[in-house]
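Colleague:
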Amino acid sequence: LDLRRTGLGSGFQHGRPAHPDADGQGCRPLCQALPRTRSLNQTILLVRAYRCLRLALLIICGAVVALTLFRICGDRRRLLLKQTWSAAILDALGIELEADLTHAVPGALLVANHISWVDIFVINAALPSAFVSKEEVRRWPVIGWLAAKNDTVFLRRGSRGHARIINEQIADILGQGKHVAVFPEGTT
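Residue 18 is where the sequence shown starts when you use the numbering used here, and the numbers rise one by one after that.
If you want it as structure tokens, here you go:
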């Protein structure tokens, strides 16, 4: 996954400001070398603004779908809606997904390294999954509500009794042939 090609800058992955020359596009040297390239910087800003607007609209659409359609449609339709929505978010960010899913079997436990918030959408676009998340995420505005509506299993850290309950929930989801994704090193 090459986040530099998204035009969102190298700091996008880790959520910290990037150095102005580290946007992955090499704009500053290009602007110095070529006359009249100020419009290139303006174009990049317009692309970023367009992507942010599209992302905001997709989050709103996702909330509306979760609020209305998730109540009335079956599991297969919900998984398809989640997969389509996640793919649209990746498209809005300019991320192209190539996944080899030949070894994926129904009811697989997906274990991945958590690098950024985009990971959730990448996994859902490839194989719609229930996620295991820390309990605190449930209290995050909008995101926590969306996570709860999207089959997230919330884990209360430090509680062995709660971990047993969560293990039973995960086993039940896997037993239904659905995928469960876990980020063992995740902190968000």
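Beta carbons: idealized from backbone N, C-alpha and C, even for Gly.
Looking at C-alpha atoms only, which residue of Glu-185, Lys-195 and Asn-167 is the closest neighbour of Val-81?
Modeller: Residue Asn-167 is the option with its Cα nearest to Val-81.
Colleague: Report yes if the C-beta distance between Leu-2 and Gly-124 is below 8 angstroms; otherwise report no.
Modeller: No statement about residue 2 is possible, as the shown extent of the chain runs from 18 to 205 and does not include it.
Colleague: Does the beta-carbon of Gly-79 have 16 or more other beta-carbons within 10 angstroms, so that it is buried, or is it exposed?
Modeller: Answer is buried; the Cβ neighbour count reaches 16.
Colleague: Whether or not the region 90–110 and the region 141–151 are in contact is what I'm after, with contact meaning three or more pairs of Cβ atoms, one per stretch, closer than 8 angstroms; do they touch?
Modeller: With the cut-off at 8 angstroms, the region 141–151 and the region 90–110 touch.
Colleague: Within the region 86–155, note down every full alpha helix (DSSP H) run reaching 4 residues or more, in order along the chain.
Modeller: Listed in chain order, the complete alpha helix (DSSP H) runs (minimum 4 residues) inside the region 86–155 are 92–109 and 135–143.
Colleague: List the whole-angstrom C-beta distance separating Ala-110 from Arg-68, where the pair is believed to meet the contact cut-off of C-beta under 8 angstroms.
Modeller: Residue identity check: residue 110 is Leu in the sequence provided, not Ala. Yes, Leu-110 and Arg-68 are in contact; Cβ-Cβ is about 6 angstroms, under 8 angstroms.
Colleague: Can you tell me which of the three DSSP states Val-257 falls into?
Modeller: No statement about residue 257 is possible, as the shown extent of the chain runs from 18 to 205 and does not include it.
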